[in-house]
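Participant:
Number of protein chains: 2
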Amino acid sequence: MANALRIGLAGLGTVGTGVIQLIEENSALIARRAGRPIIITAVTARDRTKDRGVDLTPYRWVDDMGELATAADVDVVVELVGGSDGPALTLARETIGAGRALVTANKAMIAHHGAELGALADAKGAPLKFEAAVAGGIPVIQGLRDGAAANRIDRVYGILNGTCNFILSAMERDGRDFTDVLADAQAKGFAEADPSFDIDGVDAAHKLSILASLSFGAEIDFAGVDIRGIRKIIAADIAQAQALGYRIRLIGLAEVDGENGGASLFQRVQPCLVPLDHPLANVTGATNAVVAEGNFSGRLLFQGAGAGDRPTASAVVADLVDIARKETGPAFSIPTTELEKLPRATAAHRINKTYLRMLVADRPGVLAEIAAAMRDAGLSIESLIQREVADGSALIAMVTHEAREQAVSDTLAALAGSDSLQGEPMVMHILAN
Amino acid sequence: MANALRIGLAGLGTVGTGVIQLIEENSALIARRAGRPIIITAVTARDRTKDRGVDLTPYRWVDDMGELATAADVDVVVELVGGSDGPALTLARETIGAGRALVTANKAMIAHHGAELGALADAKGAPLKFEAAVAGGIPVIQGLRDGAAANRIDRVYGILNGTCNFILSAMERDGRDFTDVLADAQAKGFAEADPSFDIDGVDAAHKLSILASLSFGAEIDFAGVDIRGIRKIIAADIAQAQALGYRIRLIGLAEVDGENGGASLFQRVQPCLVPLDHPLANVTGATNAVVAEGNFSGRLLFQGAGAGDRPTASAVVADLVDIARKETGPAFSIPTTELEKLPRATAAHRINKTYLRMLVADRPGVLAEIAAAMRDAGLSIESLIQREVADGSALIAMVTHEAREQAVSDTLAALAGSDSLQGEPMVMHILAN
Numbered sequence: 001m002a003n004a005l006r007i008g009l010a011g012l013g014t015v016g017t018g019v020i021q022l023i024e025e026n027s028a029l030i031a032r033r034a035g036r037p038i039i040i041t042a043v044t045a046r047d048r049t050k051d052r053g054v055d056l057t058p059y060r061w062v063d064d065m066g067e068l069a070t071a072a073d074v075d076v077v078v079e080l081v082g083g084s085d086g087p088a089l090t091l092a093r094e095t096i097g098a099g100r101a102l103v104t105a106n107k108a109m110i111a112h113h114g115a116e117l118g119a120l121a122d123a124k125g126a127p128l129k130f131e132a133a134v135a136g137g138i139p140v141i142q143g144l145r146d147g148a149a150a151n152r153i154d155r156v157y158g159i160l161n162g163t164c165n166f167i168l169s170a171m172e173r174d175g176r177d178f179t180d181v182l183a184d185a186q187a188k189g190f191a192e193a194d195p196s197f198d199i200d201g202v203d204a205a206h207k208l209s210i211l212a213s214l215s216f217g218a219e220i221d222f223a224g225v226d227i228r229g230i231r232k233i234i235a236a237d238i239a240q241a242q243a244l245g246y247r248i249r250l251i252g253l254a255e256v257d258g259e260n261g262g263a264s265l266f267q268r269v270q271p272c273l274v275p276l277d278h279p280l281a282n283v284t285g286a287t288n289a290v291v292a293e294g295n296f297s298g299r300l301l302f303q304g305a306g307a308g309d310r311p312t313a314s315a316v317v318a319d320l321v322d323i324a325r326k327e328t329g330p331a332f333s334i335p336t337t338e339l340e341k342l343p344r345a346t347a348a349h350r351i352n353k354t355y356l357r358m359l360v361a362d363r364p365g366v367l368a369e370i371a372a373a374m375r376d377a378g379l380s381i382e383s384l385i386q387r388e389v390a391d392g393s394a395l396i397a398m399v400t401h402e403a404r405e406q407a408v409s410d411t412l413a414a415l416a417g418s419d420s421l422q423g424e425p426m427v428m429h430i431l432a433n
Numbered sequence: 001m002a003n004a005l006r007i008g009l010a011g012l013g014t015v016g017t018g019v020i021q022l023i024e025e026n027s028a029l030i031a032r033r034a035g036r037p038i039i040i041t042a043v044t045a046r047d048r049t050k051d052r053g054v055d056l057t058p059y060r061w062v063d064d065m066g067e068l069a070t071a072a073d074v075d076v077v078v079e080l081v082g083g084s085d086g087p088a089l090t091l092a093r094e095t096i097g098a099g100r101a102l103v104t105a106n107k108a109m110i111a112h113h114g115a116e117l118g119a120l121a122d123a124k125g126a127p128l129k130f131e132a133a134v135a136g137g138i139p140v141i142q143g144l145r146d147g148a149a150a151n152r153i154d155r156v157y158g159i160l161n162g163t164c165n166f167i168l169s170a171m172e173r174d175g176r177d178f179t180d181v182l183a184d185a186q187a188k189g190f191a192e193a194d195p196s197f198d199i200d201g202v203d204a205a206h207k208l209s210i211l212a213s214l215s216f217g218a219e220i221d222f223a224g225v226d227i228r229g230i231r232k233i234i235a236a237d238i239a240q241a242q243a244l245g246y247r248i249r250l251i252g253l254a255e256v257d258g259e260n261g262g263a264s265l266f267q268r269v270q271p272c273l274v275p276l277d278h279p280l281a282n283v284t285g286a287t288n289a290v291v292a293e294g295n296f297s298g299r300l301l302f303q304g305a306g307a308g309d310r311p312t313a314s315a316v317v318a319d320l321v322d323i324a325r326k327e328t329g330p331a332f333s334i335p336t337t338e339l340e341k342l343p344r345a346t347a348a349h350r351i352n353k354t355y356l357r358m359l360v361a362d363r364p365g366v367l368a369e370i371a372a373a374m375r376d377a378g379l380s381i382e383s384l385i386q387r388e389v390a391d392g393s394a395l396i397a398m399v400t401h402e403a404r405e406q407a408v409s410d411t412l413a414a415l416a417g418s419d420s421l422q423g424e425p426m427v428m429h430i431l432a433n
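Taken in order, these protein sequences are the chains called A and B.
No gaps in the numbering here: position 123 of the first sequence is 123 in UniProt numbering, and each next residue is one more.
No gaps in the numbering here: position 148 of the second sequence is 148 in UniProt numbering, and each next residue is one more.
1. Exposed or buried, which one is residue 219 of chain A when buried takes at least 16 other CB atoms within 10 Å?
2. Residues in the segment 318–352 of chain A with C-beta within 7 Å of chain B's C-beta atoms, listed in sequence order?
3. How far does the beta strand (DSSP E) with residue 158 of chain A in it extend, from its first residue to its last?
4. With burial defined as no fewer than 16 other Cβ atoms inside 10 Å of the residue's Cβ, what is the status of residue 349 of chain B: buried or exposed?
5. So residue 69 of chain A and residue 98 of chain A are supposed to be a Cβ contact under 8 Å. How far apart are they, rounded?
6. Given this structure, state the Cα-to-Cα distance separating residue 23 of chain A from residue 76 of chain A, to the nearest angstrom.
7. Beta-carbon within less than 7 Å of residue 408 of chain B's beta-carbon, same chain only, minus the 5 sequence neighbours each way: which residues are those?
8. Roughly how many angstroms separate the alpha carbons of residue 424 of chain A and residue 337 of chain A, rounded to a whole number?
9. Rank B/299, B/58, B/225 and B/6 by C-alpha distance to the C-alpha of residue 144 of chain B and give the top, closest one.
10. Could you tell me whether any Cβ in chain B is nearer than 7 Å to the Cβ of residue 33 of chain A?
11. Residues in its own chain within less than 6 Å of residue 281 of chain B by CB, not counting five upstream and five downstream?
12. Within the 7 Å Cβ cut-off, does residue 303 of chain B reach chain A?
13. Quick one, which of B/233, B/295, B/368 and B/367 has its alpha-carbon nearest residue 175 of chain B's?
14. Mind checking whether residue 359 of chain A and residue 393 of chain A have CB atoms under 7 Å apart?
15. If you measure beta-carbon to beta-carbon, which residues of the segment 202–223 of chain B are closer than 9 Å to chain A?
16. Note down, in chain order, each residue of its chain lying with its Cβ closer than 6 Å to the Cβ of residue 429 of chain A, except the 5 sequence neighbours on either side.
17. Can a CB atom of chain E be found closer than 7 Å to the CB of residue 195 of chain B?
18. Counting only C-beta atoms, is residue 130 of chain A closer than 7 Å to chain B at any point?
19. Buried or exposed for residue 79 of chain B, please, with buried defined as at least 16 other CB atoms from any protein chain shown within 10 angstroms of its CB.
20. By DSSP, does residue 238 of chain A sit in helix, in strand, or in coil?
21. If we call anything under 7 Å between Cβ atoms a contact, is residue 345 of chain A one with residue 257 of chain A?
22. Count the other CB atoms within 10 Å of the CB of residue 179 of chain A; is the residue buried (16 or more) or exposed (fewer)?
23. For residue 4 of chain B, which residues of its own chain have a beta-carbon under 8 Å away from its beta-carbon, when the five flanking residues on both sides are left out?
24. Any idea what DSSP makes of residue 33 of chain B, helix, strand or coil?
25. Cutting at 7 Å between CB atoms, please list the residues of its own chain near residue 334 of chain A, excluding the five before and the five after it.
26. Can you give me the Cβ contacts of residue 318 of chain A inside the same chain, cut-off strictly under 8 Å, excluding the 5 residues immediately before and after it?
27. I'd like to know whether the C-beta of residue 149 of chain A is nearer than 7 Å to at least one C-beta of chain B.
28. With the cut-off set at 7 Å, would you say residue 34 of chain B and residue 325 of chain B are in Cβ contact?
29. What residues of chain A sit near residue 307 of chain B, judged by a beta carbon separation below 8 Å?
30. Quick check: residue 342 of chain A and residue 263 of chain A, are their CB atoms within less than 7 Å of each other?
31. Looking only at DSSP bridge pairs, what is residue 429 of chain B linked to?
32. In terms of alpha-carbon separation, which member of B/92, B/146 and B/44 lies closest to residue 58 of chain B?
33. Which chain B residues sit within Cβ distance under 8 Å of residue 146 of chain A?
34. Just how far apart, CA to CA, sit residue 162 of chain A and residue 422 of chain B?
35. So, using beta-carbon positions, are residue 62 of chain A and residue 17 of chain A closer together than 7 Å?
36. On the three-state DSSP scale, how would you describe residue 341 of chain B?
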């Protein structure tokens with residue numbers, strides 16, 4: 001059997017210890033499948049003394065993380081430090097710069113610096129792999145890069161954040177409001193103390209920008225993702241959506257838009273209403289799922305655990321097996337320098353059914369005012385529910401017929417400042433089936 | 001850009017013409033992703049004159065299929081002739097024997113001769129790839145071989161035959177009986193004139209045996225698959241299953257059984273009751289879906305079009321891209337000679353909930369007789385529906401509590417020959433969630 005592939009592991013949080021456990025537990029079968037053993041030789045983390053539940057004594061401890069980039073006993077650096085910049089980025093640059101393979105689970109770093117790191121990796125002939133950066137244990141990077149390689153991919157979308165899906169599923173199950181469920185999720189460790197990266201959609205946007213790049217052969221444009229999170233969803237939204245035949249999911253969606261002559265890139269993370277017979281409607285809890293629509297394959301769905309130490313370790317080590325097998329090509333499927341820099345698509349011409357929910361004053365004329373604003377904007381109603389809520393207000397929830405997003409904006413602009421409305425209206429698009 | 005990868009295409013049915021269309025339509029993006037153009041140079045089929053809706057004049061026509069194995073203008077042979085033996089097998093042996101890459105969509109040939117062909121391919125250093133042989137356009141072979149490579153896979157199962165799923169979905173939707181729906185599906189071209197390979201479970205068993213081999217590192221044992229099809233399912237089964245909270249799906253399931261000391265291989269294709277909240281319950285129409293349970297990844301689901309010219313072509317060309325990239329290892333992930341020859345597992349000790357449906361004489365004492373047989377076998381009832389049907393018979397449908405399969409066999413043995421039963425009881429296991 002060929003020489004072992006030697007790993008230097010930076011970062012010993014839950015995923016790092018998961019990688020150690022996996023490589024120890026499955027070492028024999030990994031060696032058979034990879035054609036050579038994969039072994040950890042060196043490890044580094046901030047705190048050497050912390051008890052992580054794994055025995056670190058077999059591995060050389062490295063105090064200076066940067067040393068892994070050039071250490072003589074390391075073939076591949078696994079970066080699990082996290083953070084888009086700082087030490088993780090420095091380590092990545094130095095590792096790839098030294099012509100050495102880098103495996104990372106760091107979605108923020110790839111979303112922000114993927115173009116630079118990919119170009120460097122291509123120039124140095126160094127593998128750069130990040131299966132674990134998107135959708136945890138689901139091999140979707142590989143599914144897009146290899147499995148769907150024959151297809152022009154028209155659209156990629158999915159449930160990319162397990163925390164949000166956990167919260168939305170719990171709201172659905174228990175009829176509780178967002179704040180309630182979040183507090184509960186935090187208490188149980190399913191959500192971070194500072195949950196904003198998750199619930200405001202930033203984490204999903206990181207992943208979406210990576211998926212879009214791979215799917216469309218476009219340069220990553222994280223800053224071009226239109227991001228909305230789930231904070232403003234109330235229990236009544238969930239209930240009305242259900243009454244109308246939908247479930248609410250935080251959806252990241254990217255597609256190449258050909259509307260204005262040349263191709264442009266549309267990327268958005270937002271809560272959507274998903275029809276009950278769409279596969280994503282049945283994705284509950286912390287599960288992730290990604291749909292890619294190829295021009296020959298049709299709709300492909302990849303589903304599994306979106307986070308967690310063991311699933312994420314599974315993705316990290318899948319990358320290591322690829323490297324051991326020398327089955328690694330350009331980081332973004334085509335050479336990074338060939339990725340197209342697509343302009344950003346606008347949304348106004350996009351056609352959707354739309355869910356609108358407003359809290360309004362419970363007095364005569366309010367519905368007439370809203371209906372008139374919709375009529376003037378060319379927005380028509382498919383179904384509508386109005387019901388009284390406490391303290392003399394009413395809740396109006398409706399799904400419109402298909403219309404350009406401009407019509408929705410126009411409606412809301414016409415109603416802005418009206419004293420009939422109590423608070424901001426909630427707008428969510430319906431995911432097409 | 002490197003030299004083109006030159007394809008010799010054998011078989012010009014719907015999938016063959018799909019491959020031609022795909023390679024023509026997506027040629028530019030395939031060349032970018034593969035790092036080199038993929039072009040068809042030679043084609044062969046039985047009938048040169050047939051109008052297939054594609055222009056064959058750019059390709060050299062070969063009368064003698066066997067010529068492709070050694071033709072000077074061919075790097076890879078794509079075998080889409082079909083049939084487990086005969087010309088397809090001869091072509092495969094000659095191609096691989098000549099040290100040349102073979103891509104095939106031929107599940108029957110791989111199920112029957114995969115061990116021989118894989119060993120030959122390994123010995124000759126010739127890639128042998130068959131993504132299109134399992135689950136059409138879904139990149140599940142790759143998902144198991146690469147994406148899940150770090151995992152010990154404990155169980156692999158799924159919906160592997162689109163025709164059966166189409167029929168079961170239609171029975172569900174329309175409340176019609178099997179024979180009715182089959183005739184309709186045949187008229188519409190969704191089922192073959194001779195549908196037995198599909199509806200009797202043989203096609204699903206071919207695919208299952210391939211998935212099992214890849215998942216467990218075991219030698220393919222198609223003959224070891226316990227196969228039951230969907231012919232005996234009646235409309236009442238679908239209705240009772242729904243009333244009890246299930247949908248009926250033809251499930252192929254394989255796992256390594258550790259019950260009797262050493263590992264043994266359990267493989268079965270049979271209609272099962274799938275709980276409504278299981279992802280496979282929501283797979284409708286001709287869609288396929290495969291679940292693999294890894295010891296680190298957890299449950300991975302791959303879903304998409306299980307057949308059709310375009311999806312299957314997508315899988316064929318994905319293999320060609322891998323070959324163009326030189327990302328090909330052993331056909332079965334580990335060297336074929338290292339695949340374990342696992343003994344076949346028995347079923348009697350397996351623990352399931354079970355659905356039992358019987359048509360019985362509608363007179364006093366019948367339920368008592370059945371209940372006594374169950375009691376004696378140690379089989380208890382979770383839920384039961386009895387209702388009158390036409391002509392003085394009654395239908396009894398029940399779901400048992402978890403029990404060893406032996407208890408079900410013992411019950412049926414005790415009731416065999418009883419004049420209370422009208423026809424054979426229907427037995428389907430509940431898929432565990």
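Just so it is clear, CB atoms sit at the ideal spot from N, CA and C, and this is done for glycine as well.
Facilitator: Taking the structure as given:
1. On the first sequence, residue 219 of chain A is found 219 positions in, with the first residue counted as 1. That one is buried.
2. Flagged, chain order: 318, 321, 322, 325, 327, 329, 333, 334 and 338.
3. For this step, residue 158 of chain A is matched to residue 158 along the first sequence. Run containing residue 158 of chain A: 153–159, per the beta strand (DSSP E) assignment.
4. Stepping through the second sequence from its first residue, residue 349 of chain B is reached at position 349. Exposed is the call here.
5. The count along the first sequence starts at 1 and reaches residue 69 of chain A at position 69. The count along the first sequence starts at 1 and reaches residue 98 of chain A at position 98. A Cβ-Cβ distance of about 5 Å is found for the pair residue 69 of chain A and residue 98 of chain A, placing them in contact under the 8 Å criterion.
6. Translated into the one-based positions of the first sequence, residue 23 of chain A becomes position 23. Translated into the one-based positions of the first sequence, residue 76 of chain A becomes position 76. Spanning the two alpha carbons is a distance of roughly 14 Å.
7. Stepping through the second sequence from its first residue, residue 408 of chain B is reached at position 408. Excluding positions up to five away in sequence, the list reads 354, 379 and 427.
8. Along the first sequence, one-based indexing puts residue 424 of chain A at 424. Along the first sequence, one-based indexing puts residue 337 of chain A at 337. Their backbone Cα atoms lie some 44 Å apart in a straight line.
9. Locating residue 144 of chain B in the second sequence gives position 144, counting from the first residue. In this structure, B/299 is the residue among B/299, B/58, B/225 and B/6 with its C-alpha nearest to the C-alpha of residue 144 of chain B.
10. Your numbering for residue 33 of chain A matches position 33 in the first sequence. Interface annotation, residue 33 of chain A: in contact with chain B, CB-CB separation under 7 Å.
11. Taking the first residue of the second sequence as position 1, residue 281 of chain B is located at position 281. Here the set comprises 247 and 274.
12. The residue you call residue 303 of chain B lines up with position 303 of the second sequence. Yes, residue 303 of chain B counts as interfacial toward chain A.
13. Translated into the one-based positions of the second sequence, residue 175 of chain B becomes position 175. Residue 175 of chain B has its Cα closest to that of B/233, out of B/233, B/295, B/368 and B/367.
14. In the first sequence, counting from the first residue as 1, residue 359 of chain A sits at position 359. In the first sequence, counting from the first residue as 1, residue 393 of chain A sits at position 393. Yes. Within cutoff.
15. Residues of the segment 202–223 of chain B with a C-beta less than 9 Å from any C-beta of chain A: 217, listed in chain order.
16. Here residue 429 of chain A refers to the residue found at position 429 of the first sequence. Listed in chain order, the non-local C-beta contacts of residue 429 of chain A below 6 Å within the same chain comprise 272, 352 and 354, local neighbours out to five positions each way being set aside.
17. Protein chains in the displayed structure are A and B, and chain E is not among them.
18. By 1-based counting over the first sequence, the position of residue 130 of chain A is 130. No - not a single Cβ of chain B is within 7 Å of the one on residue 130 of chain A.
19. Residue 79 of chain B sits at position 79 when you count from the first residue of the second sequence. Burial state of residue 79 of chain B is buried, judged by a 10 Å Cβ sphere holding 16 or more other Cβ atoms.
20. To locate residue 238 of chain A, count along the first sequence from 1; it is residue 238. Residue 238 of chain A sits in a helix when the DSSP states are folded into three classes.
21. Counting from 1 along the first sequence, the entry for residue 345 of chain A is found at position 345. Counting from 1 along the first sequence, the entry for residue 257 of chain A is found at position 257. Result yes, Cβ atoms of residue 345 of chain A and residue 257 of chain A sit closer than 7 Å.
22. Working through the first sequence from its first residue, we reach residue 179 of chain A at position 179. Exposed: under 16 other Cβ atoms inside 10 Å.
23. The count along the second sequence starts at 1 and reaches residue 4 of chain B at position 4. 36, 37, 38 and 39, listed in sequence order.
24. Residue numbering aside, residue 33 of chain B sits at position 33 when the second sequence is read from its first letter. Helix.
25. For the purposes of this step, residue 334 of chain A is taken as the residue at position 334 of the first sequence. Exclusion of the five residues before and after residue 334 of chain A leaves 217 as the residues of its chain whose Cβ lies within less than 7 Å of its Cβ.
26. The count along the first sequence starts at 1 and reaches residue 318 of chain A at position 318. Within the same chain, residue 318 of chain A has close Cβ partners 131, 139 and 142.
27. One-based indexing of the first sequence puts residue 149 of chain A at position 149. Chain B contact via Cβ: present.
28. Counting from one through the second sequence, the residue named residue 34 of chain B turns up at place 34. Counting from one through the second sequence, the residue named residue 325 of chain B turns up at place 325. Going by beta carbons, residue 34 of chain B and residue 325 of chain B fall inside the 7 Å limit.
29. As a first step, residue 307 of chain B must be located in the second sequence, where it is residue number 307. Result: empty, since nearest Cβ-Cβ is about 11 Å, beyond 8 Å.
30. Here the question's residue 342 of chain A lines up with position 342 in the first sequence. Here the question's residue 263 of chain A lines up with position 263 in the first sequence. Judged by beta-carbon spacing, residue 263 of chain A lies within the 7 Å limit of residue 342 of chain A, meaning their Cβ atoms are closer than that value.
31. Reading the second sequence from its first residue, position 429 is the one you call residue 429 of chain B. Answer by DSSP bridge pairing, in chain order: B/272 and B/354.
32. In the second sequence, the residue the question calls residue 58 of chain B occupies position 58. Checked all of B/92, B/146 and B/44; the closest Cα to residue 58 of chain B is B/44.
33. The sequence position of residue 146 of chain A within the first sequence is 146, counting from 1. 139, 142, 146, 318, 321, 322 and 327, listed in chain order.
34. Here residue 162 of chain A refers to the residue found at position 162 of the first sequence. Here residue 422 of chain B refers to the residue found at position 422 of the second sequence. Each residue's alpha carbon lies about 51 Å from the other.
35. Within the first sequence, the letter at position 62 stands for residue 62 of chain A. Within the first sequence, the letter at position 17 stands for residue 17 of chain A. The beta carbons of residue 62 of chain A and residue 17 of chain A sit no closer together than 7 Å.
36. The sequence position of residue 341 of chain B within the second sequence is 341, counting from 1. Of the three classes helix, strand and coil, the one that applies to residue 341 of chain B here is coil, per DSSP.
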